């Protein structure tokens, strides 16, 4: 299913870097959802998580493109993001009906984690 994914065209070091960048962005967005939304009402949490997810799928292509430019210096400097994407694209990704790629499936996992993060309780120490 992922045979044509550009991830497999990268060197081992490039793949490790891409996984590291993805992990960093994943943690950053989940922590943002947790910190910014945990004390809000249920509908505000859900809407806020969906907004964060939409921002990620709209803006992250530029970050990933810049990473690829580090690996492939011949890539031109350009914007790869355009006017905001349609929010329905995020829903398509969440239900795994988007492209069959590592990026799309990773975005779906992030989306579900963003939806769950504001609802998770802290550790037992903090609740006391």
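In the numbering used here, the protein residues as written are 1325 to 1452.
Beta carbons: idealized from backbone N, C-alpha and C, even for Gly.
If you're wondering where the values come from, they're calculated on a predicted model, not measured in any experiment.
First and last residue of the uninterrupted alpha helix (DSSP H) at residue i
i: residue 1326; result: Premise fails: residue 1326 is in no alpha helix (DSSP H) and is neither H nor E.
i: residue 1381; result: 1366–1395
i: residue 1416; result: 1412–1418
i: residue 1332; result: That residue, residue 1332, is in no alpha helix (DSSP H); it is neither H nor E in DSSP.
i: residue 1433; result: 1426–1440
Inter-residue CB distance, residue i and residue j (contact presumed, cutoff 8 Å)
i: residue 1386; j: residue 1406; result: Contact doesn't hold; Cβ gap of about 10 Å is too wide.
i: residue 1357; j: residue 1442; result: 6 Å
i: residue 1270; j: residue 1342; result: Nothing about residue 1270 can be read from this structure; the chain reaches only from 1325 to 1452.
i: residue 1456; j: residue 1379; result: Because the chain here runs from 1325 to 1452, residue 1456 falls outside it and cannot be looked at.
i: residue 1417; j: residue 1338; result: 24 Å between Cβ atoms; not a contact.
i: residue 1439; j: residue 1429; result: Incorrect: roughly 16 Å between the Cβ atoms, too far for contact.
Among the options, the one whose alpha carbon lies nearest that of residue i
i: residue 1381; options: 1333, 1422, 1367 and 1443; result: 1422
i: residue 1376; options: 1352, 1388, 1336 and 1344; result: 1352
i: residue 1431; options: 1395, 1396, 1384 and 1391; result: 1384
i: residue 1347; options: 1427, 1444 and 1445; result: 1427
Buried versus exposed, by CB contacts within 10 Å (16 or more), residue i
i: residue 1332; result: exposed
i: residue 1424; result: exposed
i: residue 1328; result: exposed
i: residue 1414; result: buried
i: residue 1401; result: exposed
i: residue 1448; result: In this prediction, residue 1448 scores a pLDDT of 49, lower than 50, which makes its location untrustworthy; the coordinate-derived value is nonetheless stated afterwards. Classification of residue 1448: exposed, given that the 10 Å Cβ count is below 16.
Handout entry: Touch test, the stretch 1364–1376 against the stretch 1428–1440, Cβ-Cβ under 8 Å, three pairs minimum
Key = yes
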